[in-house]
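J.: One structure follows; several queries about it will come next.
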Amino acid sequence: VAGDPRVGPLLQGVHRQYVGDQDFANNNGQEGIFTPEHLDQIADQSMPLCMRGLHKGVKQDHKLRHQGRQQYWLYLKGAGLSMEDSIRFFQAEFTKVMSGDQFNKEHMYNIRHAYGKEGKRTSYSPYSCMKIIMGPAPGQGEHHGCPYRHQSEQSISALFGSMNINGADREKIMVHVKKQAFQVACQRHFEVTHPNAHARGVSTDGVGNHPNAWTSASVEYHHGGDKAAASTDKLAGKGAADDAPAFDAGAQAVAAGGAAKG
33 VAGDPRVGPL LQGVHRQYVG DQDFANNNGQ EGIFTPEHLD QIADQSMPLC MRGLHKGVKQ
93 DHKLRHQGRQ QYWLYLKGAG LSMEDSIRFF QAEFTKVMSG DQFNKEHMYN IRHAYGKEGK
153 RTSYSPYSCM KIIMGPAPGQ GEHHGCPYRH QSEQSISALF GSMNINGADR EKIMVHVKKQ
213 AFQVACQRHF EVTHPNAHAR GVSTDGVGNH PNAWTSASVE YHHGGDKAAA STDKLAGKGA
273 ADDAPAFDAG AQAVAAGGAA KG
């Protein structure tokens, strides 16, 4: 593995990797924000490429292979999606291609197990960037892994173009993709999509080292505190006096846009 030119630099820098003091094992994310109704919008706004790809895979295929399920289930758990909402979301998607009985037999236990409610009742931690990068590459029909490592430069560049990340902003990311500096590229993605985050008091500790840290910082940027509330109002098209739950109007707008495209 050390001889792989795309992995060697990672191994050489392992001793410098930030581990952080959060493992996100205990559902310590943004509860109340992470609900099935909001996930489409959160995927576009506050997920790193790896988790965005998994979410798009669920919505496209209405299923995930084993590695993808483990990676995405634990990420959503750490981000604050409750076990009940996780079951509700995946049941709604998966039963588009399987029966309810099949879902219950094949997936219900495993979701409960991921939340520490079955088996040894261990609260499992979401995957870190290093675990994802060093894990198995996705095969045909699979959506897990790290896009910066497992996809071609052309595919990543095209993906950013589809996300309206172009010109100098895209180049700030791609220069690190070309160097196989996967985690730095992920950090740059955060920076170009969350300008002036530090000036707004957003902690980016762990961004580029853990997908849940990326998402936590993004949610704080968009929805944490008074400034983020103003951002939410703008996103949802509400006035300052409106008192509606964050994301609701925006989620409806995203859904309407998807319906229009269809």
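Heads up, the sequence shown stops at 294 in this note's numbering, and the numbers go up one at a time, no gaps.
Note that beta-carbon positions come from the ideal geometry of N, C-alpha and C, so glycine has one too.
Can you say whether Asn228 is buried or exposed, counting buried as having 16 or more other CB atoms within 10 angstroms of its CB?
T.: Its Cβ having fewer than 16 others within 10 Å, Asn228 is exposed.
J.: Is Tyr141 near Glu150, with beta carbons less than 8 Å apart?
T.: In this structure, Glu150 lies closer than 8 Å to Tyr141 by Cβ.
J.: For Tyr180, collect the residues of the same chain with a Cβ closer than 6 Å to its Cβ; drop the 5 residues on either side in sequence, then sort them by chain order.
T.: Val209, Phe214 and Ala217, listed in sequence order.
J.: Which of the three DSSP states is assigned to Gln99 in this structure?
T.: Gln99 falls in the helix class under three-state DSSP.
J.: Out of curiosity, what's the CA-to-CA distance linking Phe135 and Phe126?
T.: Cα to Cα, Phe135 sits roughly 7 Å from Phe126.
J.: What is the rounded straight-line gap between the Cα of Gly148 and the Cα of Leu106?
T.: So the alpha carbons of these two residues sit roughly 11 Å apart.
J.: Please report the distance separating the alpha-carbon of Thr169 from that of Ser189.
T.: Here residue 169 turns out to be Ala, not Thr, going by the sequence shown. Cα to Cα, the separation comes out at about 19 Å.
J.: By a C-beta neighbour count over all protein chains shown, 10 Å radius and 16 as the cutoff for buried, is Ser187 buried or exposed?
T.: Exposed: under 16 other Cβ atoms inside 10 Å.
J.: Is the region 62-76 touching the region 160-167 in the sense that three or more CB pairs, one from each, lie closer than 8 Å?
T.: No: the two stretches stay apart, fewer than three of their Cβ pairs being nearer than 8 Å.
J.: Is it buried or exposed, Leu81, if we count other Cβ atoms within 10 angstroms and call 16 or more buried?
T.: Flag for Leu81 reads buried.
J.: Need the endpoints of the alpha helix (DSSP H) that Leu191 sits in, please.
T.: Looking at the DSSP string, the run of the alpha helix (DSSP H) that includes Leu191 is Glu185 to Ser194.
J.: Would Ser250 pass as a contact of Ser78 if the rule is Cβ separation under 8 Å?
T.: Result yes, Cβ atoms of Ser250 and Ser78 sit closer than 8 Å.
J.: Apart from the five residues just before and just after Glu252, which ones in its own chain have a Cβ nearer than 6 Å to its Cβ?
T.: Once the five neighbours on either side are set aside, the close Cβ partners of Glu252 are Val234.
J.: Of the choices Val129, Met115 and His176, whose alpha-carbon is the least far from that of Gln99?
T.: That would be His176, whose Cα lies nearest to the Cα of Gln99.
J.: Specify, as a first and last residue, the run of the alpha helix (DSSP H) that Gly132 falls within.
T.: Looking at the DSSP string, the run of the alpha helix (DSSP H) that includes Gly132 is Gly132 to Phe135.
J.: Go ahead and pull the three-state DSSP assignment for Asp237.
T.: Three-state DSSP puts Asp237 in coil, outside helix and strand.
J.: Considering only their Cβ atoms, is the gap separating Ser118 from Ser128 smaller than 8 Å?
T.: The question names Ser, yet the displayed sequence has Lys at residue 128. Contact flag unset, no.
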